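Numbering-wise, full-length UniProt numbering puts 126 at position 126 of the sequence shown, and it's gapless, one number per residue.
Where a beta carbon is used, it is the ideal one built from N, C-alpha and C, also for glycine.
Predicted model, so just to flag it, every value in this text is computed and none were measured.
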Amino acid sequence: MTANVIIFVLFLVLCGLYLWLVRNKKDTVYTTFAGSSDEPHGGCCQCRLYTEESKVIKLPDGSYRNTASFHRIKISGNCMSPVNIHSDEEWLAEKMKADEVRGKVKTGDVLLIHLADSGKYKIRRLKNILPDGMLNTYYYDDNGDERFSSRPHSQETVMGVVRYRLH
1 MTANVIIFVL
11 FLVLCGLYLW
21 LVRNKKDTVY
31 TTFAGSSDEP
41 HGGCCQCRLY
51 TEESKVIKLP
61 DGSYRNTASF
71 HRIKISGNCM
81 SPVNIHSDEE
91 WLAEKMKADE
101 VRGKVKTGDV
111 LLIHLADSGK
121 YKIRRLKNIL
131 PDGMLNTYYY
141 DDNGDERFSS
151 RPHSQETVMG
161 VVRYRLH
């Protein structure tokens, strides 16, 4: 009997600790630039990071996930408007490591890319993966026409795939 009480109390303590950790979790929100790197405001997003409380959200498949398991991004620019990603919206990008990119991404996915040399975060649509593993990506101009990125991106620069809009 005493062992059952101890196990029950221990269970309650562990549940409480878990809930405390989940509720006190903060998300880093990356402001991403959606547009040409040549535009004058193309570097505006390199330092616009902030934190917010994590949230539990319902995904389209009916499951619930904590936003801490994704990269949270705030969109700046309209180069992804043709795929219904607009400026000032918040989105979730599925996190992935460089060695997972080839197996998880497909043509047409919108990728979250970090450019280490400039500190910028960008979103680009995947056109194809080249034989050397580099990624051909593009964005849309004001007329909705595809414009290729100035250079292919390596798999190491991909932080995730943009999946869900936060409401």
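Where the alpha helix (DSSP H) containing residue i begins and where it ends
i	result
residue 104	101-104
Supposed contact pair residue j and residue i - C-beta distance, whole angstroms, cut 8 Å
i	j	result
residue 166	residue 90	4 Å
residue 28	residue 2	Actually they are not in contact, since the Cβ atoms of residue 28 and residue 2 sit about 45 Å apart, beyond 8 Å.
residue 140	residue 151	Not a contact, Cβ separation roughly 18 Å.
residue 112	residue 32	7 Å
residue 158	residue 98	7 Å
residue 134	residue 154	6 Å
residue 59	residue 164	6 Å
CB contact below 7 Å: residue i versus chain D
i	result
residue 126	No chain D is part of this structure, which consists of one protein chain only.
Residue span of the beta strand (DSSP E) that contains residue i, given as start and end
i	result
residue 166	Here residue 166 belongs to no beta strand (DSSP E), and DSSP marks it neither H nor E.
residue 32	26-33
residue 114	110-115
residue 130	Looking at the DSSP string, residue 130 is not in any beta strand (DSSP E), and its letter there is neither H nor E.
residue 90	90-95
residue 71	70-76
residue 66	64-66
residue 56	56-58
residue 146	146-148
Assigned exposure category for residue i - 16 Cβ within 10 Å defines buried
i	result
residue 26	exposed
residue 73	buried
residue 160	buried
residue 123	buried
residue 105	buried
residue 7	exposed
residue 11	exposed
residue 45	In this prediction, residue 45 scores a pLDDT of 43, lower than 50, which makes its location untrustworthy; the coordinate-derived value is nonetheless stated afterwards. By the 10 Å Cβ count, residue 45 comes out buried.
residue 107	exposed
residue 18	exposed
residue 76	buried
Option nearest residue i by Cα separation, candidates the options
i	options	result
residue 65	142, 117, 32 and 92	92
residue 117	14, 58 and 156	156
residue 131	145, 76 and 102	102
residue 126	80, 119 and 142	80
residue 88	162, 163, 34 and 18	34
residue 96	71, 82 and 13	71
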